[in-house]
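Report on the structure given below.
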């Protein structure tokens with residue numbers, strides 16, 4: 001199946017700093033990628049849809065100025081958590097649709113803000 | 115409001131038994147349905163997808179879809195301890211955009 005990678009897999013940062021998470025589709029081109037966050041023992045919550053070459057579409061309640069998304073190429077989308085705070089600590093997961101119309105997830109990035 | 119509902123469990127079954135996981139959804143316009151397995155601390159991995167009413171089998175897994183009842187289920191035959199995980203039901207939101215709405219997941223425990 002299609003492979004989606006994320007980097008870093010784990011990051012610890014201090015409150016007030018910014019963190020960038022990369023999501024790559026390794027063996028296919030993805031015009032659309034999705035960013036989710038997941039709190040412990042909760043389900044995935046869609047944050048935004050990342051569109052190659054255009055602005056991301058954010059879900060209701062997600063601050064676009066805090067969670068900056070850039071989809072500069074057909075294989076790379078980045079999520080930057082700006083001025084991170086402890087409540088932003090979560091598991092961030094990206095996904096992309098493969099050619100077989102199946103959505104594949106990256107391995108996730110665990111963010112801890114101290 | 116478009117929702118996907120699952121019983122959070124845990125659902126405990128003995129090794130070798132059939133595990134039955136259920137999911138209901140509210141958006142009648144939904145056309146695509148997915149089951150993901152998620153181990154603790156890991157991201158979801160796709161098990162099966164189903165688009166048409168009826169059953170779809172893949173190895174030990176069978177997905178069942180009933181659009182009239184807005185119900186989708188996953189059966190796991192010959193359950194193994196390695197099947198112990200959280201199973202997420204996901205529904206593609208009607209109206210296009212390829213967005214998925216996830217249920218909260220059912221925790222399955224397969225006991226020796």
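Chains as they are written, first to last, in the working numbering: chain A, 1 to 114; chain B, 115 to 226. Even glycine gets a Cβ: it sits at the ideal position worked out from N, Cα and C.
Taken atom to atom, the span from the alpha-carbon of residue 75 of chain A to that of residue 198 of chain B is near 33 Å. Apart from sequence neighbours up to five positions away, the residues of its chain that approach residue 59 of chain A with a beta-carbon distance below 7 Å are 46, 47 and 48, ordered along the chain. Per the C-alpha coordinates, the member of B/158, B/207 and B/178 positioned closest to residue 167 of chain B is B/178. Contact of residue 220 of chain B with chain A is not assigned, every C-beta pair being separated by 8 Å or more. In this model, residue 145 of chain B and residue 22 of chain A are separated by some 30 Å (Cα to Cα). Residue-level contact check: residue 212 of chain B touches chain A, since one or more beta carbons of chain A fall below 8 Å from its beta carbon. For residue 200 of chain B, the enclosing beta strand (DSSP E) covers residues 199-206. In terms of Cβ geometry, residue 140 of chain B and residue 220 of chain B do not form a close pair [threshold 8 Å]. In this model, residue 138 of chain B and residue 223 of chain B are separated by some 21 Å (Cα to Cα).
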